Structures are given as C-alpha cells and as structure tokens.
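Working notes, structure below.
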Amino acid sequence: MSLGFLPGDLKSHPEKELAVHLRGVADISQFLAQRYKLPVDVSLLIQIALTHDVGKAHPDFQAYLDKRGSGINHAEPSAWFTYLLTGDLWAAEVVRRHHTSLRNVDQLEGEWLPDGETVEKINKRLSHFLPLWPLPLTQSTWQRLDDLFFDGPPVDIEVWLKVRLLYSVLITADRMDALNIKDFFSTDMPKFMVPLFKESRLSFWREQIRQMCHAQAAKINKPGVYTLTLPTGAGKTLLGLEIARTWAERFQCSSIIYALPFISIVEQNAAVAKGVFGHSVQEDHSLAYSEGKDVPEEKETSWQKMLGLFRYWREPVVVTTLVQLWEALFNTKANKTMNFHKLSKAVIILDEPQSISPQYWAGLSDIFQVLSERLGTTFLLMTATQPHLKASAELSPQNLTQPFERHRYLVKGVQYDIDSLGELLLEHLPVQQENGLVVLNTRATALKGYHILKELVDGAPVLFLSSWLTPRHRKEVLQNLRRLEEAKARRYLVSTQVVEAGVDLDFDWVFRDLGPLDSIVQVAGRCNRHLRRSQPGRVLVAELTEQGRVIASRVYDDLLLFATRETLPRDVEFSEDSVADLVDTYYAKVLSALKSIPIYQRLAQGNWQDIPHLIEKQRYREVDIIIEQDEKVREIIKQLTNKQWTLEERHLQKQLFQELQQYMISIPEKYISACRSAVANITTKDHLPPFGEIFDGQAYFMTRDGIKAGLYHEVLGFIPPDGDTTAFFFD
1 MSLGFLPGDL
11 KSHPEKELAV
21 HLRGVADISQ
31 FLAQRYKLPV
41 DVSLLIQIAL
51 THDVGKAHPD
61 FQAYLDKRGS
71 GINHAEPSAW
81 FTYLLTGDLW
91 AAEVVRRHHT
101 SLRNVDQLEG
111 EWLPDGETVE
121 KINKRLSHFL
131 PLWPLPLTQS
141 TWQRLDDLFF
151 DGPPVDIEVW
161 LKVRLLYSVL
171 ITADRMDALN
181 IKDFFSTDMP
191 KFMVPLFKES
201 RLSFWREQIR
211 QMCHAQAAKI
221 NKPGVYTLTL
231 PTGAGKTLLG
241 LEIARTWAER
251 FQCSSIIYAL
261 PFISIVEQNA
271 AVAKGVFGHS
281 VQEDHSLAYS
291 EGKDVPEEKE
301 TSWQKMLGLF
311 RYWREPVVVT
321 TLVQLWEALF
331 NTKANKTMNF
341 HKLSKAVIIL
351 DEPQSISPQY
361 WAGLSDIFQV
371 LSERLGTTFL
381 LMTATQPHLK
391 ASAELSPQNL
401 TQPFERHRYL
411 VKGVQYDIDS
421 LGELLLEHLP
431 VQQENGLVVL
441 NTRATALKGY
451 HILKELVDGA
461 PVLFLSSWLT
471 PRHRKEVLQN
481 LRRLEEAKAR
491 RYLVSTQVVE
501 AGVDLDFDWV
511 FRDLGPLDSI
521 VQVAGRCNRH
531 LRRSQPGRVL
541 VAELTEQGRV
551 IASRVYDDLL
561 LFATRETLPR
571 DVEFSEDSVA
581 DLVDTYYAKV
591 LSALKSIPIY
601 QRLAQGNWQD
611 IPHLIEKQRY
621 REVDIIIEQD
631 EKVREIIKQL
641 TNKQWTLEER
651 HLQKQLFQEL
661 QQYMISIPEK
671 YISACRSAVA
681 NITTKDHLPP
691 FGEIFDGQAY
701 FMTRDGIKAG
711 LYHEVLGFIP
721 PDGDTTAFFF
731 D
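Reminder that position 491 of the sequence shown reads as 491 in the UniProt record's numbering, one-by-one numbering, no gaps.
Given below as structure tokens:
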C-alpha cells in the first residue's frame, strides 16, 4: 500500500517520520503474526498498521510534537481512515482504542454514529487530517455502517479472538517501533539441562513418577488441556518444565509460560527454571524489573524500556504470576493486551490453579479449549489438589500413593477460642521438641499466635510472615528459614496464607486454622515435605473463634467453609493418601452449590469489559506506605520527587518506582490518622516527618524515626498504633 496520501515532512514522534513509523509498525506486525503463527488476515493487519497513526498528520498534532500546543486526539480520526480502507469495523475499533482500551460492543454505536453526525461533517473533518486521502466516506458506506449498528454488530467468540489478536499485535508493534527495537527476540527455545540431585529417601519414587508421567506425555499428540496431579514434594516443578520443553518441540511452540499464584514462588521457581534453561528465562512480576537485571547490556537499552514500561514477554521461557496471565487473557487496556499473541503456539503451565476462584473454572476451561483449538496453545495444570477444570488427559499414574507416610492429619470436631491456642498446640503436637508452622487466617490472629508460640518454645527462633511485611522483609524471612533448615536448627514460623502454596519449606508439625480444604492441604505440604523424619509429621486443624465468631468466616466464603466441614473426618487421624478422594469430594460439593461467572458467554456476547479481576479488591480503601528499611529508600524518593522526568525517561522513572515496591506495604486508610498521632511529638534533625505524605499524597513515607516509634517491627512488620485490629483480615 502506498503512503502517497501523506503530505509533507510529517512526524509520528519527535525524532521519527510518520511514514517510517507506519511502515515499521507494519513490518513488525507481519513478523509477529508469522512468528507466532497467528490465525489472522495478515493483509488486514498491515492495513491496520499503515493507518493506525495517520491522524497525527493534523497540523495541531505536528505542532504538539514541536512543543507548540496541546495536540489533538489522533486515534479516532485514524480509525475512520482504517474503516474507509478496510470496511472492517473491528479493524477500525482496534485503531480507535490503541491508546485506551477495548469497549463493550453495545457501547460502540454512540461513538461511531453520534446524534447529528453526517457524511459531510465527517469528510470535512477528515480532510483537515489528510487532504489527499483517496477514499472519502460515501452515503452507501455510511448507510452500511448504520445498518450494521441497527441490527447489532455480529459478535461471537471468534470475533473476540480476532479483535484481541489484532489489538495485541498492533499495540506491541507500535510500542516496539516507537522504542526503535530492531532485534526482536534474543534466543530460540533452550534445551532442558537435567539437574543433579542429592540422594534422598524420595529419590527413587520421584524418578519412577518422572518416567511414568513422561510415558503419558509422550502419548499426547496435539495441543489441549492436560493435568498433572502429584503430591507435594514429588518434583512437579522440574517435571512440568521438562514435559513443557518436550511438548514445545513436538508442537513447534515458540514459548513456555509458567504461571504461579504468588511473587515469592515466582522468584523461587524462576531460579529453578534458570537452572535448567540458563539465561533464556524471564522472571516477570511487579518487582522483577527494578534494576533492569533481565537486560544488562547497554546495547539493549530499548529492550530495557520495553520490559520496564510494558512487561512484555520477550524470552522463550517466562515465569510469571497467574494475575499477569489473567491480564493478558482478559484485561481490555491497550498495554495489558500486549502479551496475548504470545499465548499462540505456547505451552502454558498453571501451577496451583486451585488458587483461582471456583466461580471462574467453567468459563476458564472453555476459553482454554478455544485457545487450544484456534491458537495451538497447550495447557498443563499442576497441583496436588487439582480443581475441576475440563481436561483431555491426566499425566500422573492412577492410584498414585506415597512410598512413605510423610504426615497424618487430625481435624478437631469442636471450636477453640484463639486465646486457648497454646493449650491446643501443647495437647496435640510436639511443640517444644520439634520445628513447627502455625498458619492463621487474619493478621490479628497471626500476631496473637506469634506471641502465644513465643511463650512456648524457650527462646528458639520464631519467625513471622504476613503481607504487612515489605517484600524485601518477607524475602529475608524466607532466606533465614532456609538457612536454619540447612543447619538443622530449631525454628518456628507463624504466618498468614502467604505461605500456603508452593513455598519450599519443611517443618515437623503444622497447625492450620480452618480454611478451604485445598488451602489446608497446601499448608500440610510443608509438613515433613522432604521426608527427613523417620516418623510421620503431624498436621492439626481446628476451627478458631474470637469473641464467639469463627475467624475463618472473616476471610473465606461460607460455601467453601461449609463444604470443608462436610468433607473432613473429625477427631480421627487420617493419612495423606486419603487426601485425593477428600479433595475430589470437596470440589464436587463446591461446584454443585456455586454460581459460575460466565466468562465465555460474556466474551462471546461482546461484553469484553465485564470480566472480573482475578483478585478482588479489598473491602476497604488501602493506601501505600514506603518503609525506610535502608538508606537507599530516601535517595530514590528524592530522585522521583525532585527530577523533572521527560517522556524518554519514563522507563527509568518506572524502574525506580518498582524498586520502591520492595519497601512497600498497603494498609487500611483508617490507620493513617493514628500513625500520624503516634509520631506527632517526635522531633527530627532533617525536619522530615517520621510519617508523612509523598508523591502529592499518592503514598506515605515512614522514616527510620517512624520505625523506632513502633510503627514497624523488625519481626512483625507494620503494627497499628491504636491497637485496632478490625482490618487485620486477609493476609
């Protein structure tokens, strides 16, 4: 397609010609479509790319680039040129939204055909952008568009897939070309380097499982949705990565995407992936890019910007969070869709998929099936407590049992007040002789549990984890626990749910306040995990109350708790081998009583903005607090506050904000006044308040003086100054 309709010396960006940018985006779009074997009309994609920014030809936008004036919306007129060229409403919609977000289909008519709009008005308006444009809007084209909206644009799941793929590719190509990225991808799919393991009592059993699962995986001859259900400690992480690599070669896949529920285990499993795949692994989470560690070479500055600004999945192996995968699938914001095309011809591992709400399982299963059939995507769902998502085959052997009994369960049949936790532990567990883990449902009960356990264990180290420890602090706690474990030293941990799934820790006994059954099983997986004990570990579960109210009900859906109570045997010990059948019964009870959220139907009906977030917002407003845990924090805040950041430096600014996230927690807004009051009488040398607003009130900074005043404890993290614990719910 010729760009002869572009007049004069036009720019798309301060240092780039508009025609060069349009051709560059078209070339990158074509490359991405071919590399990922996308089922899109490549000629349509090129037409989209060549028209997506033609609205920048307007004199007002050119003046804006020369820092004269405020510019003009270029996406809406560009979309009209796309429509006039292609006659495709969806192609035009992709252009119209390339700096905003996709809309629900029923919202489009009012924007394309507003009251009072006419063919003459539109043509006159468009002539100010491109006087030489050869395809004016005709009355028949206008009528065809009007008829389309009168009947309602035909929409189904294929339309959603088409629009999302075109959108994903355009946004990615546009951002890449704007950043002058030339070397699109670093390496091909790396080989799997089999690691060496220390011999243990479980080694032979793990190798048997590995061989049997590989034999099953070898029978898989096409992309689909598959499950790998193995007990904790069976080696799922390495086995899943090895199977994914085998399938990637068999199905000619470009990517392996490994998604996990929590940042802590993303970091842990990314290290495992790097051990077998080398440097071709991208660790993707909100804290991963603060130091640009994924792209250290100076020549890759453009890629540093791309990764820092947009978290684009560049490497052939990506270890990320389930939230990021969910965003790539469903978020309608332009920059959030960039990784969607990377799902094509990919092997996607979902580790601990039961952490996704059961309300989403049916709809998510349907979407996985669509992606498998249309994009050649292969899904592997790995967990010890497999949720009821539709799958084509299970890879693990039937009736798999442990060769050794790692732990036994005891679920108490009566309720206990939190204040009696100490007596409960002493009665049923070897608290003072062996290492233990106590997992409680709220931050308030976790704090109580910490003090109770501390009184019982004669000075042995008791560590603490909750979301009111900064990420940096939580990482230090986990490292400390592993050092103690390697030294075979006594150790105890009191934690909220942040420790549940996948964290590689090992204790002799575990206590868990009542929760959903899958959460109980995940915590139990930390008990005698590596079979270092000669006797089975002990897992104790009891239902704790406070002031007569069940604590678990503050956190979990009553339906999940009811199904757990109905499923678990009470006051009799049972073995780990019983768990698989119990979990299956539990999920059946949950799904029979649960109303599913119709994800597939909403997408097929064009309600693209109506897919919920994977993680629901808190019930109360929270604010961000940055804790001055080292001297670097204050310097970063000064840089961010005092420097005038240019558009070209946005990636550096974002990296600094990401680095601050290592020192950040979120607390209920209602605590702000109490925090200020707690430090009101403290005089500081630098006149910086111990607790005060920064970034124009967008966050708060707790200095070392605020820490010394007792707002942040070296073990327990943030402590509400007024003793009010009503917002200690959640983790």
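Glycine residues also receive a C-beta, built at the ideal position from the N, C-alpha and C atoms. Every value quoted in this text rests on a predicted model; they were computed, and no experiment measured them.
Which whole-angstrom value is the C-beta distance of residue i and residue j, which I expect to be below 8 Å?
| i | j | result |
| --- | --- | --- |
| Ala593 | Leu568 | About 17 Å separates the two Cβ atoms, so there is no contact after all. |
| Gly71 | Asp177 | About 20 Å separates the two Cβ atoms, so there is no contact after all. |
| Leu260 | Thr172 | The pair is not a contact, with the Cβ atoms about 24 Å apart (cut-off 8 Å). |
| Leu381 | Leu350 | 5 Å |
| Leu531 | Leu202 | 5 Å |
| Pro134 | Phe5 | 6 Å |
| Lys345 | Cys253 | 5 Å |
| Leu113 | Asp146 | 6 Å |
| Pro720 | Ala674 | 7 Å |
Can residue i and residue j be called in contact, C-beta distance under 8 Å?
| i | j | result |
| --- | --- | --- |
| Pro353 | Thr383 | yes |
| Val572 | Asp513 | no |
| Leu223 | Gly376 | Per the sequence shown, residue 223 should be read as Pro rather than Leu. In contact: Pro223 and Gly376 (Cβ atoms closer than 8 Å). |
| Val623 | Ile694 | no |
| Gln62 | Leu45 | no |
| Phe277 | Val317 | yes |
| Leu165 | Leu38 | yes |
| Leu614 | Ile367 | no |
| Glu669 | Arg621 | yes |
Cα-Cα, which of the options is closest to residue i?
| i | options | result |
| --- | --- | --- |
| Thr301 | Leu453, Val462, Leu652 | Leu652 |
| Val541 | Arg565, Val276, Ile672 | Arg565 |
| Ala273 | Pro387, Ser286, Ala588, Ile256 | Ile256 |
| Tyr556 | Tyr587, Ala588, Gly515, Arg549 | Gly515 |
| Gln412 | Leu424, Asp419, Gln402 | Just to set this straight, residue 412 is Lys in the shown sequence, not Gln. Measuring from the Cα of Lys412, the nearest candidate turns out to be Leu424. |
| Arg704 | Gln698, Lys685, Pro720 | Lys685 |
| Phe574 | Val539, Glu249, Lys670 | Val539 |
| Ala466 | Asp284, Arg374, Leu447 | The displayed chain sequence assigns Ser, not Ala, to residue 466. Among Asp284, Arg374, Leu447, the Cα nearest to that of Ser466 is on Leu447. |
| His13 | Gln34, Gly692, Leu65, Arg35 | Leu65 |
| Thr232 | Leu716, Trp645, Ser677, Arg526 | Arg526 |
| Gly548 | Gln415, Asp630, Leu130, Pro461 | Gln415 |
| Leu228 | Asn221, Phe379, Val281, Glu17 | Phe379 |
| Tyr587 | Thr641, Cys253, Ser519, Arg570 | Ser519 |
| Lys219 | Glu394, Arg474, Arg554 | Glu394 |
| Lys632 | Leu614, Glu649, Phe657 | Phe657 |
| Leu230 | Gly275, Phe251, Glu249, Gln208 | Gln208 |
| Val503 | Phe262, Arg35, Gly110, Glu427 | Phe262 |
| Arg250 | Asp458, Ala217, Asp60 | Ala217 |
| Leu711 | Gly697, Gln698, Gly692 | Gly692 |
| Asp581 | Gln479, Pro387, Arg483 | Pro387 |
Output needed for residue i: all residues of its chain with C-beta closer than 7 Å, excluding positions within five of it in sequence on either side, in chain order.
| i | result |
| --- | --- |
| Val521 | Ala384, Thr385, Val579, Val583 |
| Thr51 | Ser78, Phe81, Thr82, Leu85, Val95 |
| Val295 | Summary for Val295: the model assigns pLDDT 39, below 50, so the residue's position carries little reliability, and this model does not support an answer. |
| Leu481 | Leu463, Arg491, Leu493, Leu505 |
| Asp577 | Thr401, Gln402 |
| Val590 | Pro358, Leu559, Leu560, Ala563 |
| Asp174 | Val25, His52, His98 |
| Ser392 | Gly224, Val225, Tyr226 |
| Arg206 | Ala234, Gly235 |
| Tyr360 | Ile597, Ile599 |
| Ile122 | Trp80, Leu137 |
What does DSSP give as the partner residues of residue i in its beta bridges?
| i | result |
| --- | --- |
| Ala346 | Ser255 |
| Ser666 | Asp624 |
| residue 733 | Not covered by the structure: residue 733. The range shown for the chain is 1 to 731. |
| Thr86 | Looking at the DSSP assignment, Thr86 forms no beta bridge with any residue, so it has no partner. |
| Lys333 | Ser101 |
| residue 760 | Given a span of 1 to 731 for the chain in the structure shown, any question on residue 760 remains unanswerable. |
Spatial neighbours of residue i within its chain, please: C-beta separation below 6 Å, excluding the five flanking residues on both sides.
| i | result |
| --- | --- |
| Arg210 | Leu239 |
| Ala362 | Ser596 |
| Glu297 | The predicted model places Glu297 with a pLDDT of 42, which falls under 50 and marks its position as unreliable, so this point remains unresolved. |
| Tyr167 | Val94, Thr337 |
| Arg245 | Phe192 |
Looking only at its own chain, which residues have a Cβ that is under 8 Å from the Cβ of residue i, when we skip the five neighbours before and after it?
| i | result |
| --- | --- |
| Gly606 | Asn104, Val105, Asp106, Pro153, Val155, Val159, Trp160 |
| Glu628 | Arg634, Tyr663, Phe701, Met702, Thr703, Arg704, Gly706, Ile707 |
| Leu3 | Ala19, Leu22, Arg23, Leu50 |
| His407 | Val510, Ala524, Cys527, Asn528, Pro536, Gly537, Arg538, Val539, Glu576 |
| Gly422 | Ile452, Leu453, Glu455, Leu456 |
| Ile157 | Val370, Tyr600, Leu603, Ala604 |
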